[in-house]
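Q:
Protein chains: 2
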Amino acid sequence: MYSFFNNQFLPAEKAFVHVSDLAVQRGYGIFDFFKAVNGKIPFLEDYFNRFYRSAEFMQLPVSLSREELKNVVYELLQKNGVADAGIKMVLTGGYSPDGYEIATPNLIITQHALTMPSSKMLEQGVKIITHEFRREMPLVKSINYTTGVWLQRNVKAANAYDVLYHLNGEVSEFPRCNLFVVNANGEVVTPAIHVLEGITRKNILSLSGMEVKATTVTLTDVLQASEVFLTSTTKRVVPIVQVDDAVIGNGKPGPVVQRILSELVKKENA
Amino acid sequence: MYSFFNNQFLPAEKAFVHVSDLAVQRGYGIFDFFKAVNGKIPFLEDYFNRFYRSAEFMQLPVSLSREELKNVVYELLQKNGVADAGIKMVLTGGYSPDGYEIATPNLIITQHALTMPSSKMLEQGVKIITHEFRREMPLVKSINYTTGVWLQRNVKAANAYDVLYHLNGEVSEFPRCNLFVVNANGEVVTPAIHVLEGITRKNILSLSGMEVKATTVTLTDVLQASEVFLTSTTKRVVPIVQVDDAVIGNGKPGPVVQRILSELVKKENA
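Respectively, the protein sequence lines represent chains B and D. Numbering-wise (our numbering), the first sequence opens with residue 2 and increments by one. Numbering-wise (our numbering), the second sequence opens with residue 2 and increments by one.
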């Protein structure tokens with residue numbers, strides 16, 4: 002397997018950064034992640050838009066133009082000869098002489114095996130837990146997942162699939178996924194603010210023939226919902242049937258999540 | 002200059018981590034930082050206590066015992082032949098196969114030139130700015146400084162020395178320093194919660210013959226203070242004479258900061 006580092010392809014096991022990088026010193030950097038399916042990358046422009054937007058916000062210049070970066074990504078897929086894969090692009094704060102000031106970013110592109118949710122998970126739905134927290138810069142795809150990684154112990158101890166953040170009664174997002182709810186009025190809603198705007202979330206919000214809204218979603222909305230599901234690039238849509246100790250609806254995945262998943266797959270293949 | 006990486010000394014320029022480390026992937030890790038003066042490390046036990054405490058909280062086992070780690074630190078100082086230095090110990094989340102789960106931590110110890118505040122700074126005092134924010138895990142010395150690093154642009158644009166965090170009217174800390182205030186009642190106070198408990202702060206709180214309290218400190222307390230100063234391992238005590246556009250006291254460093262600095266230096270050399 003090859004990776005790409007700044008300006009060259011190299012074997013994945015040889016991709017190292019010096020410890021003076023601000024990612025190591027100060028957890029400072031951004032990234033993005035997308036999938037290739039049959040050698041094609043659905044919604045690539047959306048992921049690239051977000052990557053360059055995060056980079057600019059975080060004061061990290063990208064050494065490659067969009068066109069150059071796109072060529073690198075497709076060349077990486079070709080070199081690795083895998084048609085289905087996850088691609089991660091990380092842009093770090095660079096080698097900082099004083100360990101605090103932003104320097105020239107390092108660009109690291111790595112390819113990963115793509116693991117989609119199992120059919121059992123889609124048929125039975127999953128349990129999630131909740132945690133009182135809001136990320137410090139939710140709109141930016143920064144590498145800071147301190148709380149998310151730290152909570153994995155709780156997720157496992159509860160035999161859960163993921164953890165939902167909430168604050169002051171409002172829910173926001175999972176560490177790596179967005180939340181959707183079919184609320185008590187039968188509306189399909191997703192939290193509007195304090196969330197990373199996922200590309201899968203964006204695509205669901207714009208599905209034709211369905212009304213899906215971004216608005217305030219409370220923890221009560223979640224507990225009283227007929228259906229709850231999470232979305233992400235690799236997970237697409239996963240039904241949630243339990244939140245902490247509360248069962249959602251009748252405890253089984255419902256018709257809305259099924260319909261959205263099938264519309265989303267169509268859109269990916271369009 | 003040498004560094005130490007996991008179990009060996011190596012030239013500082015050869016200390017690299019693989020990009021799969023959770024520090025690079027998820028900004029996950031802890032550190033500590035202390036100084037050697039004339040080859041001695043003041044308050045070493047305090048720094049070690051905090052390092053092992055942060056590591057435990059963040060679910061990162063330290064491969065070396067306190068005794069072994071102490072020996073490594075002194076051997077590093079000896080190898081580098083510099084009597085005055087800053088020593089940084091970073092413990093990362095390790096090489097994570099899935100880029101999210103904690104793995105076996107990497108331990109990185111690096112030595113740095115020690116730069117103390119200039120005498121001009123101590124005589125004239127500095128300006129700071131303020132920012133509405135609270136760190137997500139202030140008690141842990143995690144490597145996450147996303148907001149602090151990001152704010153450096155504002156600090157420089159304002160020609161300031163540092164930035165003070167506040168939320169809901171209460172001040173907490175600087176990204177890398179603690180805050181002290183001589184309030185309108187003449188009491189010397191420092192924020193009690195939502196702060197990293199600095200070793201310099203701890204030493205000032207326990208100075209004999211002085212009453213210094215950890216309590217709630219508001220932004221109003223700061224603006225109405227007769228003296229304000231910040232503290233850290235390398236900076237010791239730096240007087241603050243301007244907060245955003247407001248001048249503190251008579252705009253000059255006062256007698257309390259001077260006295261505390263001299264008591265602290267005595268304690269360091271004890």
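For each residue, glycine too, the CB sits at the ideal point set by N, CA and C.
1) Would you report the Cα separation of leucine 77 (chain D) and valine 20 (chain B), rounded to the nearest angstrom?
2) Could you give the DSSP three-state label for glutamine 60 (chain B): helix, strand or coil?
3) With which residues is threonine 235 (chain B) paired in a DSSP beta bridge?
4) Let me know if glutamine 1 (chain D) comes out buried or exposed under the rule of 16 or more other beta-carbons within 10 Å of its beta-carbon.
5) So if DSSP puts phenylalanine 10 (chain B) in a beta bridge, which residue, or which two residues, is it bridged to?
6) Starting from serine 143 (chain D), find everything on chain B with Cβ-Cβ shorter than 8 Å and list it in chain order.
7) For asparagine 39 (chain B), count neighbouring C-beta atoms within 10 Å of its own C-beta (all shown protein chains included) and say buried if the count is 16 or more, exposed if not.
8) Would you list the residues sitting across from threonine 131 (chain D) in a DSSP beta bridge?
9) For histidine 132 (chain D), return the contacting residues in chain B, with the cut-off set at a CB-CB distance below 9 Å.
10) Using 8 Å as the threshold, is the C-beta distance between serine 233 (chain B) and glycine 199 (chain B) below it?
11) According to DSSP, glutamine 243 (chain B) sits in a beta bridge with which residue or residues?
12) Assuming alanine 86 (chain B) and alanine 37 (chain B) make a contact with CB atoms under 8 Å, what is their CB distance in whole Å?
13) Along the chain, where does the beta strand (DSSP E) containing threonine 111 (chain B) start, and where does it finish?
14) Give a yes or no on whether the C-beta atoms belonging to glutamate 212 (chain B) and proline 192 (chain B) are separated by under 8 Å.
15) Excluding sequence positions up to five away, which residues of its chain have a Cβ less than 6 Å from the Cβ of glycine 252 (chain D)?
16) Distance cutoff 8 Å, beta carbons only. Does arginine 237 (chain B) sit that close to anything in chain D?
17) Identify, in the order they occur along the chain, each residue of the same chain with its Cβ nearer than 8 Å to the Cβ of glycine 28 (chain B), setting aside the five sequence neighbours on each side.
18) Please name the residue, chosen from D:Met122, D:Ala185 and D:Tyr53, that lies closest to threonine 219 (chain D) on a Cα-to-Cα basis.
19) Roughly how many angstroms separate the alpha carbons of glycine 149 (chain B) and proline 176 (chain B), rounded to a whole number?
20) Checking contacts by CB at 8 Å: is threonine 93 (chain D) closer than that to chain B?
21) Starting from the beta carbon of isoleucine 129 (chain B), find every residue of chain D whose beta carbon is closer than 7 Å, and list them in chain order.
22) What number of angstroms, rounded off, separates the C-alpha of tyrosine 48 (chain B) from the C-alpha of asparagine 204 (chain B)?
23) Near asparagine 155 (chain D), which residues of its chain fall below 6 Å by C-beta distance, leaving aside the five closest residues on each side in sequence?
24) What's the gap between the Cα of glycine 94 (chain D) and the Cα of leucine 180 (chain B)?
25) Could you give the residue range of the alpha helix (DSSP H) that holds threonine 221 (chain D)?
A: In this structure, then:
1) 17 Å
2) Glutamine 60 (chain B) falls in the coil class under three-state DSSP.
3) Beta-bridge pairing links threonine 235 (chain B) to no other residue.
4) For chain D, the structure presents residues 2 to 271; residue 1 (chain D) sits outside this window and is missing.
5) B:Phe5
6) Gly28 and Thr147
7) exposed
8) D:Leu165
9) Ordered by position in chain B, no residue passes the 9 Å Cβ test against histidine 132 (chain D), which lies about 12 Å from the chain.
10) yes
11) B:Lys128 and B:Val248.
12) 5 Å
13) Looking at the DSSP string, the run of the beta strand (DSSP E) that includes threonine 111 (chain B) is 108-113.
14) no
15) Contacts found: Val242.
16) no
17) Ile144, Asn145 and Thr147
18) Per the C-alpha coordinates, the member of D:Met122, D:Ala185 and D:Tyr53 positioned closest to threonine 219 (chain D) is D:Ala185.
19) Counting only the Cα atoms, proline 176 (chain B) lies some 5 Å from glycine 149 (chain B).
20) yes
21) Correct list: empty, because the minimum Cβ distance to chain D is about 16 Å.
22) Taking the CA atoms as reference points, tyrosine 48 (chain B) sits about 12 Å from asparagine 204 (chain B).
23) none
24) 27 Å
25) 220-224
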